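Data block below; observations after.
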Amino acid sequence: YSVVVYCFLLLLENVHRTFYEETNFLFTNFLPDTSDFLLEGDIVLPKTRNALKCLNRKFSCLWPKRNGRVEVPYTLDDKYDQTEKADILRAMKGFEWKTCIRFIPRSRQTGYLSIVPRFGCSSLVGYLGDKQMVSLQKFGCITQGIIQHELLHALGFYHEHTRSDRDYYVTINWQNVQKNFEFNFQKQDTNNQDAPYDYSSVMHYGSTYKFDSSKTITPYPDSSVSIGQRECLSDIDIYKINRLYNC
């Protein structure tokens with residue numbers, strides 16, 4: 001597969017307090033996936049339902065499709081400046097080139113994304129049918145790949161390294177996983193869309209998840225494979241969107 005063009009990655013440092021009062025930093029192989037009450041670092045769990053079970057069923061939690069298009073209404077908080085808003089809109093456009101996903105400004109729709117600059121980068125998973133927050137902190141989250149990562153969560157996708165068949169493709173080095181962060185690496189009962197495992201997915205964690213260089217994820221069988229890119233959607237990311245939403 002060719003790599004999708006028009007990708008930009010800023011190597012920024014993102015610092016904030018998490019639910020476990022640990023501090024993470026965003027470097028090349030780090031994720032800025034930290035916020036309050038999260039699963040896998042950046043997935044907000046609603047208290048009213050089991051998000052895991054919901055997203056494991058292909059027929060539920062999907063954004064409505066009409067006339068061949070999946071329209072996802074959104075609002076952008078006024079705290080974003082014009083440059084930040086333009087960056088978010090540019091990342092949204094990346095979905096439109098090769099999928100049926102269309103992010104549209106909200107008018108009166110009940111279900112929509114409320115994109116706000118709260119602490120960290122986080123999102124609920126899938127369609128709730130009501131206002132649902134996507135947090136894109138100004139410092140560290142306003143890059144194309146990170147924005148698209150969180151929007152993929154909102155569309156119904158989990159992290160690539162937690163998919164049900166991951167043990168054939170990566171090794172989790174549990175001895176290097178931070179205490180109280182083991183849940184970020186637990187396998188999920190996922191619908192993999194008959195897609196190959198994607199080391200280049202924007203949804204894949206990087207090789208490290210600690211302050212030092214100890215690897216938490218090692219690709220298998222080739223340990224030199226690069227993982228954790230936050231530049232843009234991969235071709236397989238796009239394929240899975242089209243499969244899930246029958247684009």
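Residue numbers for the sequence shown, in UniProt numbering: 1 to 247. The C-beta atom is built at its ideal place from N, Cα and C for all residues, glycine as well. Quantities reported herein were computed from a predicted structural model and do not represent experimental measurements.
Would you mind giving the Cβ-Cβ distance between Cys-136 and Pro-117, rounded to the nearest angstrom? I have them listed as a contact below 8 Å. Note that residue 136 corresponds to Leu in the displayed sequence, not to Cys. Right, their Cβ atoms sit about 6 Å apart.
Roughly how many whole angstroms lie between the Cα atoms of Asp-165 and Gln-144? Cα to Cα, Asp-165 sits roughly 28 Å from Gln-144.
Is DSSP giving Gln-148 helix, strand or coil here? DSSP, reduced to helix, strand and coil, places Gln-148 within a helical segment of the structure shown.
Using the three-state DSSP reduction, which class does Gln-132 fall into: helix, strand or coil? Gln-132: strand per DSSP, three-state reduction.
List the DSSP bridge partners of Pro-105. In the DSSP output, where bridge partners are listed per residue, Pro-105 has Tyr-74.
May I ask which residues mark the beginning and end of the alpha helix (DSSP H) holding Thr-216? No residue range can be given for Thr-216, since it is assigned to no alpha helix (DSSP H) and is classified by DSSP as neither H nor E.
Candidates Ser-201, Val-177 and Arg-163: which alpha carbon is nearest Asn-192's? The option with the nearest alpha carbon to Asn-192 is Arg-163.
Beta strand (DSSP E) segment containing Leu-124, residue limits: DSSP places Leu-124 outside any beta strand (DSSP E), giving it a letter other than H or E.
Proximity of Leu-155 and Ile-241 at Cβ, strictly below 9 Å: Contact: yes.
Cα-Cα separation, Ile-88 to Lys-79: Cα to Cα, Ile-88 sits roughly 13 Å from Lys-79.
Inter-stretch contact (C-beta, 8 Å, three-pair minimum) for the region 227-241 and the region 201-211: Yes, the region 227-241 touches the region 201-211.
Tyr-74 and Ile-101 - do their beta-carbons sit closer together than 9 Å? No, the Cβ-Cβ distance between Ile-101 and Tyr-74 is not below 9 Å.
Pick from Leu-151, Phe-119 and Glu-150 that is closest to Phe-139, judged by C-alpha positions: Considering only alpha carbons, the answer is Phe-119.
Could you round the C-beta distance between Asp-130 and Thr-110 to whole angstroms and report it? I think they count as a contact, below 8 Å. Between Thr-110 and Asp-130 the Cβ distance is about 6 Å, and since that is below 8 Å, they are a contact.
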